[in-house]
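Protein chains in written order, with this note's numbering: chain L, 1075 to 1280; chain H, 91 to 323.
Okay, structure coming up:
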């Protein structure tokens, strides 16, 4: 893969991350990061939706009438989201119950419309696909990091397996109930942004 | 063709909508059988949970067949109705019918210690949408053995707490009838309200409307089984 194409994937994961740098898609990052499993499913769903809608819009980019382009984008994103929702209901019912309304709300995830407008409308399908995968992955990485800490500290489990030994609990350790609540996700997110900015000087404003 | 002309826009949107509609209906029809099976399994897990049996998606059907020995359909007079599968009855549609036309399911379970439990479905309104559940009653038709509640979209952390074991556990051992055999159902009380200990549980702080909806659901749904209770006591 050419270097330029590779950058389409790596940039959004790191220095142009949709959550920590562009600060998009925060709501869902707070809502579904209590446990790792739903976070991973959500991340995969978003990667699928961004990548596919990017490709479709990019294929259609020369036919879409400019005046209704937002509507066309919405219809395509909405259709893809419904397909994802139906698939989840059929194959991972428990998780689809946990994600409940948030799958439907992928439609409103600013990352998706943002990529369609900013990238897919002006680029070729393959590049758009990579851009979609990159941005979806950038979103997913943050989701998984936040969910990792919230599940570990909040429930003492990872991927629903107990990782904190019973002896700790017997010795007086307790799960932190506060971590389960959305505000703590924001704080973890803040810490991630802090670490990222302190390591990468390009990102700090003067 | 001019991409900004009205006719182009119209034709474009019509084609797009038709294509999307076809794709979606294809996906929905292909996946429907699998989704319906998931919903049936979920229902079985809920019913099992009312008699304190934990199941997973894999063993729910097996355990259901093991513990639920009989499924009855009764009318409001408490008489059995034949020829209807109790499991497929949708309580929501039954509740919209006239009293005399209602078909009410009853699930009868035999648990490990050999005792018989009667499980009744519940359906009501929460704050944002429907709430439902099952209540298992001992064979004295009075004391509660277990409950399970679920909801469509109650507020997480507030109304949605009805889904938790902690809330549901409160119902165990409560009684539906007072000492004079008058039906009192189970009340969901806020702090400061008083009620007989054996007929009431604590409401959820911040979830008053859901709690009240649940209380109403219990009394409304169980009231229909009044004749069934009397006949089987």
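Yeah, the Cβ is synthetic: ideal placement off N, Cα and C, and Gly gets one too.
Cα-Cα separation, residue i to residue j
i	j	result
residue 1141 (chain L)	residue 1266 (chain L)	39 Å
residue 202 (chain H)	residue 141 (chain H)	11 Å
residue 1194 (chain L)	residue 1202 (chain L)	5 Å
residue 1185 (chain L)	residue 1197 (chain L)	17 Å
residue 149 (chain H)	residue 155 (chain H)	10 Å
residue 130 (chain H)	residue 124 (chain H)	10 Å
residue 1263 (chain L)	residue 1094 (chain L)	8 Å
residue 1247 (chain L)	residue 1256 (chain L)	22 Å
residue 1103 (chain L)	residue 232 (chain H)	47 Å
residue 295 (chain H)	residue 249 (chain H)	9 Å
residue 1128 (chain L)	residue 105 (chain H)	20 Å
residue 126 (chain H)	residue 282 (chain H)	44 Å
residue 302 (chain H)	residue 278 (chain H)	7 Å
residue 1163 (chain L)	residue 177 (chain H)	21 Å
residue 225 (chain H)	residue 180 (chain H)	16 Å
residue 293 (chain H)	residue 280 (chain H)	5 Å
residue 1110 (chain L)	residue 1170 (chain L)	14 Å
residue 139 (chain H)	residue 1135 (chain L)	52 Å
residue 1183 (chain L)	residue 1099 (chain L)	5 Å
Any C-beta of chain L under 7 Å from that of residue i
i	result
residue 128 (chain H)	yes
residue 121 (chain H)	yes
residue 125 (chain H)	yes
residue 110 (chain H)	yes
residue 137 (chain H)	no
residue 217 (chain H)	no
residue 208 (chain H)	no
residue 221 (chain H)	no
residue 114 (chain H)	yes
residue 102 (chain H)	yes
residue 99 (chain H)	yes
residue 93 (chain H)	yes
residue 238 (chain H)	no
residue 166 (chain H)	no
residue 117 (chain H)	yes
Own chain partners of residue i with C-beta closer than 6 Å, once the 5 adjacent residues on each side are dropped
i	result
residue 206 (chain H)	200 and 229
residue 311 (chain H)	212
residue 1271 (chain L)	1277 and 1278
residue 318 (chain H)	164 and 168
Residue i at chain H interface by Cβ criterion, 7 Å
i	result
residue 1078 (chain L)	no
residue 1186 (chain L)	no
residue 1034 (chain L)	Any property of residue 1034 (chain L) remains undetermined from this structure, which presents chain L solely from 1075 to 1280.
residue 1139 (chain L)	yes
residue 1149 (chain L)	yes
residue 1157 (chain L)	yes
residue 1163 (chain L)	yes
residue 1142 (chain L)	yes
residue 1160 (chain L)	yes
residue 1125 (chain L)	no
residue 1153 (chain L)	yes
Check: residue i C-beta below 6 Å from any heavy atom of the ligand SAH
i	result
residue 1081 (chain L)	As presented, the structure is devoid of all ligands, the ligand SAH included, so that no description of it is given.
Residue j beta carbon less than 7 Å from that of residue i
i	j	result
residue 241 (chain H)	residue 221 (chain H)	yes
residue 168 (chain H)	residue 306 (chain H)	no
residue 136 (chain H)	residue 1167 (chain L)	no
residue 1123 (chain L)	residue 1155 (chain L)	yes
residue 1269 (chain L)	residue 1227 (chain L)	no
residue 219 (chain H)	residue 243 (chain H)	yes
residue 204 (chain H)	residue 300 (chain H)	no
residue 1206 (chain L)	residue 1120 (chain L)	no
residue 1173 (chain L)	residue 1079 (chain L)	no
residue 1157 (chain L)	residue 117 (chain H)	yes
residue 121 (chain H)	residue 164 (chain H)	no
residue 1159 (chain L)	residue 1177 (chain L)	yes
residue 1153 (chain L)	residue 272 (chain H)	no
residue 171 (chain H)	residue 192 (chain H)	no
residue 1199 (chain L)	residue 1132 (chain L)	yes
residue 1181 (chain L)	residue 1151 (chain L)	yes
residue 1214 (chain L)	residue 1105 (chain L)	no
Proximal residues to residue i (C-beta, below 7 Å), its chain only, five neighbours per side dropped
i	result
residue 1114 (chain L)	1218
residue 1091 (chain L)	1212 and 1216
residue 1220 (chain L)	1103, 1107, 1259, 1262 and 1263
residue 1085 (chain L)	1208
residue 185 (chain H)	213
residue 275 (chain H)	266, 308, 309 and 312
Beta-carbon contacts of residue i that lie in its chain and below 8 Å, excluding the five residues immediately before and after
i	result
residue 258 (chain H)	236, 237, 238, 239 and 252
residue 151 (chain H)	131 and 134
residue 262 (chain H)	234, 235, 236 and 237
Segments assigned alpha helix (DSSP H), at least 4 residues, entirely inside the stretch 1159-1235 of chain L: 1167-1173, 1175-1178, 1184-1192 and 1199-1229
Length at least 4, wholly inside the stretch 1087-1134 of chain L: the alpha helix (DSSP H) runs in chain order: 1100-1105 and 1110-1134
Any alpha helix (DSSP H) of 4 or more consecutive residues that is wholly inside the stretch 152-221 of chain H: 181-185
Counting only runs that start and end within the stretch 222-297 of chain H, where is the alpha helix (DSSP H) found for 4 or more residues in a row? 255-259
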